[in-house]
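Protein chains in written order, with the working numbering: chain A, 1 to 202; chain B, 1 to 202. For every residue, glycine included, the Cβ atom is placed at its ideal position computed from N, Cα and C. Predicted model only: the values in this text are computed from it and were never measured. See below for the structure under consideration.
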DNA sequence: CGTCATGGTGGTCATTTGTACACCGGCTGG
DNA sequence: CCAGCCGGTGTACAAATGACCACCATGACG
């Protein structure tokens, strides 16, 4: 045969997946054009074969009716804005454009985060949270004892482990080089959110 | 003020977003049905208004031609199979995803991972890699000195820092409680892939 | 060689669906 | 009270597109 069919068919699958991820399933005409076919029917037959194999699902008579089977579908995506240094600051853009949200699988987190925050400093290395990590933060003004929280103290944003004792609040770093922060009554203090996971680029 | 746009119109926006995330933009008829309209034209006008406001983008004359603007689009999604406990000797190449794949934003990683691997043990806590973390792994049999790699030694999968010296290879843990692994010549050894980041649920 | 499966071309048909026009009822402002 | 806008209904038209049919080229196989 002139060309390897299996390679071509999987390339068509890749094309379909990419287009769906980009927001819209392709039509047969687009598949044909992308594959170099002159007629939509060639694409049609490939698509039928892919559906037969269970690699895609078809909505009959529906325009752009190609869907991915549930197992391969991204049905729990959440878009998270990436916040840089909150207080005074130069945005941290370099790697991920800050204006664009980052998409993550919602199943990744037990508690659904509202935004991602870039960690500054190494005060939490004892919990494996390093400088530059992106932590998922769920907005909340309440937190139980022992939780890792993002808090604002005197206008400074920090991520620390929360400790409540005798009605007082302490913020514990997880690095022996840092001292716990004791929140004085009347001091500017607020819990901004709860830590719910992190992502790190190697 | 053009009347309160937040109620019905934003519900339509949410509907559109949800459908796109599910794999296929809705048609006007579907929007009308979901919104309780009797005629597609009501949906049409709302969609036009949303496009006017820049909240969505329309591909003219194209069926299901609603797209999200680039800033809100998940255009670099990758589906990663999650490999769990790797039994001794089982090659990673023939991956059987234990679960559904996890979708992550490709921009998260400098090096595109091929799969996620659940970390066992605490031998890398010095690099902030904890037990239970999911590390992104890019398949590769080569690695430069100093990189964190996933390697197979005598059938055991480990994640360690690679050190090359005098033509020999050492695998360095990042935990003083563990000793470096010196790879003997003739020993079963292979680099499975390169560490390229991690995700952790808090 | 004859037959069949595979993979592609071209064209036709019917449905879906974007686009457009006419119109209506309620609300608001002058 | 009337003009005009807004949001919705109904209808109509045409483009996009899925579904299907007839047919051809090529290679594998008995």
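- For residue 129 of chain A, at least one C-beta of chain B is nearer than 8 Å to its own C-beta.
- Closer than 8 Å to the CB of residue 109 of chain A there is at least one CB belonging to chain B.
- DSSP places residue 181 of chain B in the uninterrupted beta strand (DSSP E) bounded by 181 to 183.
- Under the DSSP assignment, residue 28 of chain A falls in the alpha helix (DSSP H) whose first and last residues are 28 to 35.
- Listed by position along chain B, the residues whose Cβ is nearer than 7 Å to that of residue 24 of chain A are 25, 64 and 67.
- The C-alpha of residue 18 of chain A is placed about 9 Å away from the C-alpha of residue 25 of chain A.
- Each of A:138, A:154 and A:23 was checked against the Cα of residue 109 of chain A, and the nearest Cα belongs to A:138.
- For residue 115 of chain B, no chain A residue has a Cβ inside 9 Å of its Cβ, as the nearest lies near 14 Å away.
- Nearest to residue 119 of chain A by alpha-carbon distance, out of A:201, A:144 and A:29, is A:201.
- The three-state reading of DSSP puts residue 105 of chain B in strand, counting E and B together.
- When Cβ pairs closer than 8 Å are counted between the two stretches, the stretch 158 to 177 of chain A is seen not to touch the stretch 21 to 35 of chain B, the count staying below three.
- Taking 8 Å as the threshold, the shortest C-beta distance from residue 105 of chain B to chain A falls below it.
- DSSP places residue 48 of chain A inside the alpha helix (DSSP H), whose first and last residues are 40 to 52.
- Distance from residue 149 of chain A to residue 189 of chain A at the Cβ level is roughly 11 Å; contact not present, criterion being Cβ atoms closer than 8 Å.
- Along the stretch 139 to 150 of chain B, going in chain order, the ones with a CB nearer than 7 Å to a CB of chain A are 148.
- For a Cβ distance threshold of 8 Å, residue set 105, 107 and 108 of chain A lies close to residue 102 of chain B, ordered along the chain.
- The Cβ atoms of residue 66 of chain A and residue 16 of chain A sit closer than 8 Å to each other.
- Not a single CB atom of chain B sits nearer than 8 Å to the CB of residue 47 of chain A.
- The DSSP-derived three-state label of residue 136 of chain B is strand.
- Following the DSSP letters along the chain, one finds residue 163 of chain A in no alpha helix (DSSP H) but inside the beta strand (DSSP E) bounded by residues 156 to 165.
- Interface flag for residue 172 of chain B against chain A is unset, since no Cβ pair is found closer than 8 Å.
- The beta carbon of residue 40 of chain B lies closer than 6 Å to those of 28, 29 and 32 in the same chain, with the five residues before and after it left out.
- When DSSP states are grouped into helix, strand and coil, residue 22 of chain A belongs to the coil group.
- Chain-ordered, the chain B residues with CB closer than 8 Å to the CB of residue 201 of chain A read 108, 109, 110, 196 and 197.
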